[in-house]
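Heads up: the protein sequence lines correspond to chains A and B, in order.
Counting in this note's numbering, the first sequence runs without a single skipped number right up to 536 at its last residue.
Counting in this note's numbering, the second sequence runs without a single skipped number right up to 1792 at its last residue.
Even glycine gets a Cβ: it sits at the ideal position worked out from N, Cα and C.
Take a look at the structure below.
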Amino acid sequence: MNMIDKPKKAGPGKRGMIFAEPTIFERGAPGRQGYSLPEDEIPAADPAKEIDAALLRHEAPLLPEVSELDVVRHFTRLSQWNYSIDTGLTPLGSCTMKYNPKVNEEVARMSGFVKLHPQAPVADIQGALELMFHLQHYLAVISGMDAATLQPAAGAQGEFAGLLMIRAHHAAQGNPRKKILIPDSAHGTNPASAAACGYKVVTLKTGPDGVLSADAVAAAMDEETAGIMITNPNTLGLFETHMAEIAKLVHDKGGLVYCDGANQNALVGMARVGDMGVDVLHFNLHKTFTTPHGGGGPGSGAVAVKKVLEPYLPVPTVVRRGEHFDWDYDRPKSIGKVKAFFGNFGMLVRAYTYIREMGAEGLRQVSQRAVLNANYVRKSLEADFHLAYPQVCMHECVFSDKIQKKFGVTTADIAKRMMDYGYHPPTIYFPLVVPGALMVETTETESPQTLDRFIKAMKEIARECREEPETVKAAPHVPKVRRLDEVKAAKEPKFVYVPKNP
Amino acid sequence: MRYLPHTPEEIQKMSQAVGVRSPEELFEVIPQALRLKAPLELPKPLSEIDLVRHLKALGRKNETVDGAGSFLGGGAYHHYIPVAVSTITSRGEFMTSYTPYQPEISQGTLQAIFEFQTMIASLTGMDLANAGNYDGASALAEAVLMALRLTDPAKKTVLLAQSIHPDYRQVVKTYLSNIDCRIVEVPFGPDGRVDAAVLKKSLNDEVAVCCVQSPNAFGVVEEVAKLSAAVKGAGAMMVGCFSEAVSLGLLEPMGRQGADIVVGEGASFGNFLNLGGPYLGLFATKKEFVRQMPGRLVGETVDAEGKRGFVLVLSTREQHIRREKATSNICTNQALCALATTVYLSLLGPQGLQKLARINYSHAHYLREGLLKIPGVQRQFAGPHFNEFAVQLSKDPEEVLSKLRQKGILGGIALKSWAPGMERSLLVCATEMNSKAQMDDYVRAMREVL
């Protein structure tokens, strides 16, 4: 087994030390301080002399009064309640939870990068611009596109920017068009982004073989349709084999092809979406290019485009003028800005560092091993869990609870039981086209030994589902808390801490 | 390749188990014509030694704000970050964890967000705050969209104060570009504040929402309560926004001045300047509006044994459940930046934040008095300011800035492109990072340059 040799109904905290820790507002004492500010050498100016009393803060904010040790201990204890990549395997499908190299963190925290002001003159940030210029180029090379923007803060914002460019392109032809085609296996952000761009979503049904058929696209595509948003490999872990034909169908009606790049980890170095008729693609640098997920961001959603969309890229782009690098704001057709300043620069430093460490052959090995690992898991567990699509997969495979349901056990139960064995559950109940989906992506950074232990645990859980389903249904037993009452959380909402004796 | 653990023997063995000769064979599902024939044209891989050397060299081509003196603000503010902040945010358990969709093994992130939400709600004077948006600018755009959802669909006018940071206004325009509405900018008066008379004239039945920033783009503190009263009187919603979070330690929160939604940039609370990102959008509102709020939200609950725990709540607003009917397409919440902010605010506490805000105020005040003694420097706006202020120069600010730069001073931001009629205007900021000696040097240098 992995961390825990034989998890039974052991209560949380029975193994290892898990500390109880109240909220930080329940720590400390009035007047205690955790800050160190200088006694000022400048005479204090009285704000009341210039600022109207009504505009000055009347009541102190609810902030803790704690020492530095209180703070460090509090958050260290909180951190120990988290599962993370550094803790163990996190096989979340479509999330690409691969190892986040430590050197990336070291360089991204260098003062030559973190202490740059976004309003600094370009002469002062030549190194940063050089890095961004090359990263734009590398991303275009890797995806087979012509140009890139690094501005979007995350994948969803990349989708938004990409679709706005598609819309701007159509508007320039005289008709922004009305609809976007999106397969039913797409991430939720796809339809949400399309709606934010004023498009009506037309949902396409995935074919019986798990991929989108050209016929489905042909039947829906017309001259009021701006284009298609397609994820390739799709969220079933399958390569969209009709991609080229689909792209041609869309192009023939004047539409454009958007690719959700969440699953680029399957393709880097092996194939390029730019060669498949894709006009615009967003990357998730926090997936394919190892910037950490941070418990939910910050990410980075760089977008690469073909020439046809280049005029519409957000401002500014980074350009080289002779020996120097500069911002280019002179882009009259640009869609504008999707965030202040230039993007999540700190994440760009990490992604750049990773690409420079890996090089072309390294990246090629990434996708090969990611796909090998996924197929190894698929093959090893195919007798224990139902596979929605049994064929060769790319970087992830989708199981379901079809077999276990017979014993009254669901995907949610299996997911919770995995925690007892020391693993993060996979992505569950997604994609929506597979009922009770368990979407497993192990990434290239996991060793065969880790996979074998994981497979052994999954087989053990499959056995439990048959022989002692109640153990699985009552899981998890080991984490700090048991299953949480989400209904209560929604019905009696408590979004903030309220002091008991205010 | 240190990130790729498989030995050649293991690859061989695994390939056999899968039923292929080599991993390449697995890619035969990709049509031949779509497979890459040649290696990617990327630079050769670097060892860790060379990598660090290369990145250091790139970093050295940059001039940091630690030099002779930076007086740059304009939406990004140089503040000290206590070492303990990075200590916590560097922990792998926070840094390399996933979105807390599985609450039993994400209580650390969830409780930290709950604490964050509490702090932001209190600082902004609101009932609740979400777990974070991308940045101040996109938070403002989302606030406008939320206000449009909350008001009569017949109301289609969005009032945007011209004294809002230009990037923020531009992002709002981008986000609204395909929404059926009309943006009207409200000018500022000679005191640098929203012109209340013009605002009143702009208010009619068509107006859904009005947005103001305080301190505004020129550092001036707006009379939000007065503006709110007018806006609410006309049946519209009021959105208050800020780009300098440290001001919350000194100024009455906009939630207490009639704003329905308060948004802003949280980067000043413990996040590095980082050339403009990653930053942190703060988003707070009243209880009754929560179902139209974008972004993640954490709530308190109990587990099967009655123990306190935290979960993501009201996710039926969000894209992964509601798809095209979601309140927003946003997925991430800048969680690690929000954690930095939570740790930072915990260290400062109510007294530390107030003290810090007062130091900022005093420094800007001191610098302003010094600069205004120079012939050729005039105060641009009479309205009170927090830690940045605009001055009018007798010479072209771009030229002045480049001469100051030669003396090692980043003297501020030329405002020519920010609003009409500001060809001679310069925005100057002072924080706790600017020592008395630095400010005295700046004044001396400015005197020489003018």
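Cβ shell of residue i (< 8 Å), same chain only, five flanking positions each side left out
i       : result
A:P533  : F59, L96
B:R1664 : T1658
A:P81   : L90
B:I1521 : L1487, L1490
A:E344  : D180, A181
B:V1360 : L1368
A:K43   : No answer about A:K43 holds up, because its pLDDT of 46 lies below 50 and its placement is not dependable.
B:R1786 : none
Chain-order list of residues whose beta-carbon lies under 7 Å from that of residue i (same chain, five-residue window excluded)
i       : result
A:F416  : Per the sequence shown, the amino acid found at residue 416 of chain A is Glu instead of Phe. Here the set comprises P424.
A:D39   : The predicted position of A:D39 is uncertain, since its pLDDT is 43 and thus under 50; a value taken from the coordinates is nonetheless stated next. So the list is empty, once near-sequence residues are dropped.
A:G331  : A188
A:V372  : Q185, P186, Q191, F194, A195, P348
B:S1519 : none
A:A394  : G303
A:E164  : F359
A:Y363  : V349, P350
Beta-carbon proximity list for residue i, same chain, < 6 Å, skipping 5 on both sides
i       : result
B:P1385 : none
A:V400  : V302, E478
B:I1423 : G1612
A:G244  : L270, L272, Y423
A:T22   : Here chain A covers residues 35 to 536 and nothing more, so residue 22 of chain A does not appear.
B:Q1453 : F1652
B:S1448 : P1442
A:W361  : P350
A:E279  : A248
A:M37   : Only weak support exists for where A:M37 lies, its pLDDT of 43 falling under 50; the value from the coordinates is given anyway. G456, listed in sequence order.
Integer Cβ distance of residue i from residue j, believed to fall under 8 Å
i       : j       : result
B:C1583 : B:Y1686 : With 8 Å as the limit, B:C1583 and B:Y1686 do not qualify as a contact, their Cβ atoms being about 21 Å apart.
A:F323  : A:I216  : 25 Å between Cβ atoms; not a contact.
A:R398  : A:M304  : 6 Å
B:I1755 : B:G1416 : 5 Å
B:S1610 : B:Y1419 : 5 Å
A:L406  : B:G1450 : Not confirmed; about 33 Å, so no contact.
B:G1591 : B:L1695 : 4 Å
B:L1368 : A:N116  : B:L1368 to A:N116, Cβ: 34 Å. No contact.
B:Q1504 : A:G222  : Contact doesn't hold; Cβ gap of about 36 Å is too wide.
A:Q67   : B:Q1720 : About 41 Å separates the two Cβ atoms, so there is no contact after all.
Endpoints, beta strand (DSSP E) assigned at residue i
i       : result
A:H29   : Beyond the ends of chain A as shown, which are 35 and 536, falls residue 29 of chain A; an answer cannot be given.
A:M263  : 259-265
B:K1398 : Counting along the chain, B:K1398 falls outside any beta strand (DSSP E), though it belongs to the alpha helix (DSSP H) covering 1390-1402.
A:P217  : 213-217
B:V1604 : 1603-1607
B:L1624 : 1623-1627
A:V245  : Note, A:V245: premise wrong, no beta strand (DSSP E); not H, not E.
A:K234  : 234-238
Endpoints, alpha helix (DSSP H) assigned at residue i
i       : result
A:C499  : 482-501
A:D286  : 277-286
B:E1352 : 1350-1360
B:Q1661 : 1661-1664
Residue(s) in a DSSP beta bridge with residue i
i       : result
A:A181  : A:V339
B:R1524 : B:T1499
B:E1642 : B:F1652
A:M473  : A:V432, A:T461
A:D362  : A:T351
A:N116  : B:S1448
A:L518  : B:D1645
A:L90   : B:L1593
A:L126  : A:V474
B:R1377 : A:A305
A:S70   : DSSP, once it has assigned bridges, lists no residue as partnering A:S70.
Give the list of continuous beta strand (DSSP E) stretches no shorter than 3 residues that lie fully inside the region 1702-1786 of chain B. 1719-1721, 1730-1735, 1767-1771
Write down every uninterrupted run of the beta strand (DSSP E) in the region 283-359 of chain A whose length is 3 residues or greater and which is fully enclosed by it, in chain order. 290-295, 314-317, 337-339, 351-355
What are the complete alpha helix (DSSP H) segments, minimum 4 residues, inside the region 1520-1595 of chain B? 1538-1544, 1566-1575
Of all the alpha helix (DSSP H) runs that stay within the bounds of the region 130-185 of chain A, which reach a length of 4 or more residues? 136-142, 145-148, 160-177
Return the chain-ordered ranges of every alpha helix (DSSP H) run that is complete within the region 1434-1499 of chain B and spans a minimum of 4 residues. 1434-1437, 1449-1466, 1478-1492
Of all the beta strand (DSSP E) runs that stay within the bounds of the region 393-443 of chain A, which reach a length of 3 or more residues? 431-434
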